[in-house]
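Enquirer: As you go down the protein sequences, you meet chains H and Y in turn. Using this note's numbering, read the first sequence as starting at 1181 and increasing by one per residue. Using this note's numbering, read the second sequence as starting at 12 and increasing by one per residue.
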Amino acid sequence: MVYRERLDGRKNNELRPMEAKTKVIPNAQGSASFKIGRTWALAAVYGPREIYPKFLADPKKGILRCHYSMMPFSGSGERIRPGSSRRAQEIAMVMTKALEPVVDLSQYPNSVVDVFVELPQTDAGTRCAAITAASMALADAGIPMKDLVSAVAVGMADDKIIADLTYKEEHINEFNEESKQAVVSDIPIAMIHHTKELTLLQMDGEISKENLMKALKLGQEAIEKVHQVQIAALKEYFKEGSHGN
Amino acid sequence: MSEILVEERKIVVPGEVLASGLDYVPGENCYREEHQIFSKLLGIVNVSGRVIKVIPLSGPYLPKVGDKIIGRIMDITFSGWRVDTNTAYSAMLNVKDATTRFIKKEEDLSKILAIDDYVIVGIVNVTSQRLIDVSMREPGLKKIQGGRIIEINSQKVPRVIGKKASMITLIKEKTGCEITVGQNGLIWVLGTPEGEVRAERAIKMIEEKSHLSGLTEKIESFLGGNQ
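#1: For Glu1349/H, does the count of other Cβ atoms within 10 angstroms reach 16, so buried, or fall short, so exposed?
#2: Could you name the residues of chain Y that Leu1414/H contacts, counting a contact when the two beta carbons are closer than 7 angstroms?
#3: At which residues does the alpha helix (DSSP H) containing Met1273/H begin and terminate?
#4: How big is the Cα-Cα spacing for Val28/Y and Asp1284/H?
#5: When DSSP labels each residue in this structure, what does Tyr1347/H get in the three-state scheme?
#6: Distance, Cα to Cα, Lys215/Y vs Leu197/Y?
#7: Leaving out five residues on either side along the sequence, give the residues of the same chain with a beta carbon under 7 angstroms from the beta carbon of Glu45/Y.
#8: Round the Cβ separation of Glu1401/H and Asn1193/H to the nearest angstrom and send it over; I've been treating them as touching at under 8 angstroms.
#9: When you compare the CB positions of Ser221/Y and Gly1322/H, do they come within less than 8 angstroms of one another, or not?
#10: Does His1374/H have its Cβ less than 8 angstroms from a Cβ in chain Y?
#11: Taking buried to mean at least 16 other C-beta atoms within 10 Å of its own C-beta, is Asp1303/H buried or exposed?
#12: Skipping 5 residues on each side, what residues in its chain have a beta carbon closer than 8 angstroms to that of Ala1278/H?
#13: May I have the straight-line CA-CA distance separating Val132/Y from Asp95/Y, to the nearest angstrom?
#14: Put Lys220/Y into one of helix, strand or coil per three-state DSSP.
#15: Is Leu29/Y close to chain H? Criterion is C-beta to C-beta, closer than 8 angstroms.
#16: First and last residue of the beta strand (DSSP E) that includes Ala1321/H?
#17: Verify the CB distance criterion: does Gly70/Y have a CB-CB separation below 8 angstroms to chain B?
#18: Any chance you could list the alpha helix (DSSP H) runs of at least 4 consecutive residues sitting entirely within the region 134-211 of chain Y, in chain order?
#19: Along the region 141-162 of chain Y, where does the CB come closer than 8 angstroms to a CB of chain H? Name the residues.
#20: For Asp1284/H, go through chain Y and note every residue whose CB falls closer than 8 angstroms to its CB, in chain order.
#21: With DSSP collapsed to three states, give me the class of Val1409/H.
#22: Hey, out of Val1364/H, Lys1419/H, Gly1305/H, Val1292/H, whose CA is closest to Ile1231/H's CA?
#23: Candidates Ala1343/H, Lys1389/H, Ala1337/H: which alpha carbon is nearest Ile1352/H's?
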């Protein structure tokens, strides 16, 4: 058996339906909500503010600090222990690295901009949703940025290159035991829109060189769609007539 | 060959192309890469002559020399006070900049300004590392007594004040309050309790709808209708 059709009936290059909104957390300087299929990320930005602990301060520029956390009930129902874990720390680190190239904090030495991302519901692609939401929240907070960062996962299931994998697709091996060749790979990528530079590129599984290049090309097209959603959401708030103006 | 690719007063997002060609100059919150000019912020486009700039819709306050701000005393040191400026940086208020009176060496500084007092101060110096010196030795700079402090985003301060202070004068007249707006986004309102509440509502309304046109009329009808 090979993976002929996607489990949720999407085309290979089709993303799950996306929904984005800004200013969802009034307490924060900037915030955004980003949903892609069943994955939902909420991002809130605080700062620039005084940095604690003090030894982290950089006298040349402000620093960006990301926090990533999945809510206890966000997975399949198995309780996820709240708070930091090895996985959450790693994702927070890759998020920071994905966003740092665009954020310009040279005007805010010795300060910190905190980005908190919470995921109320998850169905794979959380780090991509987190980066996408965080990028919108930073823009909403009025932090100087060169460009927006958008992220999406691409990958391969059997011999098909597909975009925006769901949790089931990432684990396709488990119900595809007959074909021993079955290979699944999951490649989250983040891209700076204008320069097309990748700021996040990770992979689970295995893939051949040619297929990787094809997957990245597909990813670039997919990211373009995410970027459109981001722009629309950022501008939506200021439209005359929205939210009862 | 140069052309502007966005309309005046349109909302732009970071990384949006504003103009192409070398005839235009990137102003505030813009940058040039090769032959294109990009926005660096979420804001409103403003073109004046050849200069394109983006007016921010939100964002942090950057301390500037000459600005009058409202701060909170957060600590008392040997020679003065440390003032919370509602930014990432605290400011230093020296004794000699706080009062004209002679201060004896052993005098208790908290008698003059205590912790958690609010003060209206002017910024006299900002270093590249954002060490801020403030002073109270100018007319109108004083310790705040009574009334209430409202916090808004510092980028909305120009809208709250209005063209030639038209907006703030309107609110003062309609509510009978004394209002002082700090450039850092803290506003002091002093008046009757009802007046203060109405002034606070009006200011919050301005903050929320600052990107819309015809704001003065909206505020006028809001305040007028309540009287």
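Heads up, the beta-carbon is just placed ideally off N, CA and C, and yes, glycines get one too.
Expert: Reading from the atomic positions:
#1: buried
#2: Val24, Leu53
#3: 1266-1279 is the span of the alpha helix (DSSP H), which, as asked, contains Met1273/H.
#4: In this structure, the CA atom of Val28/Y is about 18 angstroms from the CA atom of Asp1284/H.
#5: helix
#6: 12 angstroms
#7: none
#8: 7 angstroms
#9: no
#10: Judged by the 8 angstroms Cβ criterion, His1374/H is in contact with chain Y.
#11: Classification for Asp1303/H: buried.
#12: Ile1311, Val1329, Ala1331, Ala1370, Thr1379, Leu1380
#13: 11 angstroms
#14: coil
#15: no
#16: Annotation for Ala1321/H: no beta strand (DSSP E) segment contains it, and DSSP assigns it neither H nor E.
#17: Checking the listed chains, one finds no chain B in this structure; the protein chains it contains are H and Y.
#18: DSSP runs (the alpha helix (DSSP H)) wholly in the region 134-211 of chain Y: 168-172, 177-186.
#19: Arg141
#20: Lys51
#21: helix
#22: The shortest CA-to-CA distance from Ile1231/H to any of Val1364/H, Lys1419/H, Gly1305/H, Val1292/H is the one to Val1292/H.
#23: Ala1337/H
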